[in-house]
Amino acid sequence: MDLTPEPNQDDEAVGHLSFDPKGVLDAEDGAVLTRLARAVGAVDPVPEGLVERSLFAITLAGLEADMMEAVYLDAPLAGVRGAAAAARADDAAPAEAKTITFTHDSLTVMITLSPSAGGRVRIDGWAAPAAGLDVELHRPGVDVVTTASDEDGRFAFDSVERGRASLVVRRTDGGGGAVSTPIIEL
Amino acid sequence: MTGSREALPDVDGSGLTLGDRAAIALTEYRAGNHQALGDLVREATPLLWHTVRAQGVDRDAADDVVQSTWVALVRHAESIAEPKAVLKWLLVTAKRAAWEAVRKHRDDEKRRTELPDDSPEHPMALPANDPPPDAEVLRDERDRILWTSLQKLPGRCQELLRLVSLADRPDYRYISAAIGMPMGSIGSTRGRCLAKLRTILDEQGDFSWT
Numbered sequence: 004m005d006l007t008p009e010p011n012q013d014d015e016a017v018g019h020l021s022f023d024p025k026g027v028l029d030a031e032d033g034a035v036l037t038r039l040a041r042a043v044g045a046v047d048p049v050p051e052g053l054v055e056r057s058l059f060a061i062t063l064a065g066l067e068a069d070m071m072e073a074v075y076l077d078a079p080l081a082g083v084r085g086a087a088a089a090a091r092a093d094d095a096a097p098a099e100a101k102t103i104t105f106t107h108d109s110l111t112v113m114i115t116l117s118p119s120a121g122g123r124v125r126i127d128g129w130a131a132p133a134a135g136l137d138v139e140l141h142r143p144g145v146d147v148v149t150t151a152s153d154e155d156g157r158f159a160f161d162s163v164e165r166g167r168a169s170l171v172v173r174r175t176d177g178g179g180g181a182v183s184t185p186i187i188e189l
Numbered sequence: 002m003t004g005s006r007e008a009l010p011d012v013d014g015s016g017l018t019l020g021d022r023a024a025i026a027l028t029e030y031r032a033g034n035h036q037a038l039g040d041l042v043r044e045a046t047p048l049l050w051h052t053v054r055a056q057g058v059d060r061d062a063a064d065d066v067v068q069s070t071w072v073a074l075v076r077h078a079e080s081i082a083e084p085k086a087v088l089k090w091l092l093v094t095a096k097r098a099a100w101e102a103v104r105k106h107r108d109d110e111k112r113r114t115e116l117p118d119d120s121p122e123h124p125m126a127l128p129a130n131d132p133p134p135d136a137e138v139l140r141d142e143r144d145r146i147l148w149t150s151l152q153k154l155p156g157r158c159q160e161l162l163r164l165v166s167l168a169d170r171p172d173y174r175y176i177s178a179a180i181g182m183p184m185g186s187i188g189s190t191r192g193r194c195l196a197k198l199r200t201i202l203d204e205q206g207d208f209s210w211t
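Protein chains in written order, with this note's numbering: chain A, 4 to 189; chain B, 2 to 211.
Written out as structure tokens, the structure is:
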């Protein structure tokens, strides 16, 4: 049922006459809330890319791989923040290699990110305990790239474009489930 | 006056509200169609962002909390009993995760307060509250009047109205319920917080808000 007063020629009169604390939303309520929404967005804007990061996270969640935890061996100040936030904070020094360790139950994956030609990134990884692993590199809007580890659990992606990514690791023999890293910023 | 209808896109009941679209997105997702959920993420992320930020979570942590809220929705897609309540579910989940983030941050700070130069006289500041919202970015005079008027309301009213403004108006009740504020007077779709704000605004002078 529509109890909203029709916008009238005499807007001031309608706006004030219709202002009833127990009443339904009137046109001015709507205008105030619309203006408030703009102000809220201006004062504390949603971070750029949060929607894309969320969409990517949803896609990864749909794979139903168990999430690994990031452990910061070389960046203790990263504290309780997530991997994505920690990686963002490191953006200021992209020329340096960076190591992140991920753990899940008995599996530990350590990756080192280092600069590669053309502003791209090289990923060297090592998984323990050593086993044959299929490692998938997931990125938003890009086809999945897969590589296999050697018998020592070492793997590499030579040249990857910068941006958000997640690794999904499965045992080649099919034992255990898939595990994925949190989203990292390459 | 032009713009009045634009300001009230859904009050006439003919349009779907954010709450409706959230319910549809979940139903579609369960059926294997992920498009509607993607649209919902685009539309409702600002609402989740400000829900989390209102709990006193810093921007980096809030970024992670919003993402994990969406992930939780996908993980629980099959077990959410009432698709109609999915908007409320999202808000409650985001809020709980935000509290958890604040708690973790406090524990972290507590460990750091053992440093020698911390004393009870100089306690570590806890990021329990947002930094004061910076009204400087608001250039329009009416925006500033609105913002300063909002600050005169009780804290929970401020939170409610900030969030309600980001959803569709009929979703007022989902949002009130999600942040633990019942709607108040029966039959009122406006609620007391908005009524209070309008009273304060009216005291500021004879502005037209439409």
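For every residue, glycine included, the Cβ atom is placed at its ideal position computed from N, Cα and C.
| Asked | Found |
| --- | --- |
| Looking at the C-beta of GLN68 (chain B), does it have a partner C-beta in chain A at a distance below 7 Å? | yes |
| Taking the C-alpha atoms as reference points, what is the distance between SER119 (chain A) and LEU66 (chain A)? | 29 Å |
| With the cut-off set at 7 Å, would you say SER30 (chain A) and THR211 (chain B) are in Cβ contact? | The amino acid occupying residue 30 (chain A) in the given sequence is Ala; Ser does not appear at that position. Result yes, Cβ atoms of ALA30 (chain A) and THR211 (chain B) sit closer than 7 Å. |
| Check whether chain B comes within 7 Å of ASP32 (chain A), counting only Cβ atoms and requiring the distance to be less than that. | yes |
| Relative to the C-alpha of SER117 (chain A), which candidate in A:VAL35, A:ARG165, A:PRO50 has its C-alpha closest? | A:ARG165 |
| Here's the rule: buried if 16 or more other CB atoms are within 10 angstroms of the residue's CB, otherwise exposed. What is VAL171 (chain A)? | buried |
| Taking GLY44 (chain A) as the query, report the chain B residues whose CB atoms sit under 7 Å from its CB, ordered along the chain. | PRO47 |
| Kindly confirm or deny that the stretch 27-42 of chain B and the stretch 138-146 of chain A touch, where touching means at least three C-beta pairs closer than 8 Å. | no |
| Distance cutoff 7 Å, beta carbons only. Does ILE114 (chain A) sit that close to anything in chain B? | no |
| Would you kindly work out how many angstroms separate the C-alpha atoms of THR94 (chain B) and THR70 (chain B), rounded to a whole number? | 6 Å |
| What are the start and end residues of the alpha helix (DSSP H) that includes SER177 (chain B)? | 173-179 |
| Buried or exposed for GLN205 (chain B), please, with buried defined as at least 16 other CB atoms from any protein chain shown within 10 angstroms of its CB. | exposed |
| So ALA64 (chain A) packs on GLY180 (chain A), CB below 8 Å; how close in whole Å? | In fact, because the Cβ distance is near 14 Å, the residues do not count as touching under 8 Å. |
| Determine whether the Cβ of ALA64 (chain A) lies closer than 7 Å to any Cβ atom of chain B. | yes |
| Straight-line CA distance for GLY156 (chain A) to ARG56 (chain A)? | 29 Å |
| Terminal residues of the continuous beta strand (DSSP E) containing LYS101 (chain A)? | 101-107 |
| What are the residues in the stretch 138-172 of chain B lying within 8 Å of chain A by C-beta distance? | VAL138, LEU139, ARG143, ASP144, LEU147, TRP148, LEU151, LEU162, ARG163, VAL165, SER166, LEU167, ARG170 |
| If you check the beta carbons only, do ALA45 (chain B) and VAL87 (chain B) fall under 7 Å apart? | no |
| Identify, in the order they occur along the chain, each residue of the same chain with its Cβ nearer than 7 Å to the Cβ of ALA178 (chain B), setting aside the five sequence neighbours on each side. | LYS89 |
| What are the start and end residues of the beta strand (DSSP E) that includes ASP109 (chain B)? | Premise fails: ASP109 (chain B) lies in the alpha helix (DSSP H), 87-113, not in any beta strand (DSSP E). |
| If we cut at 7 Å on Cβ distances, does PRO50 (chain A) have a partner in chain B? | yes |
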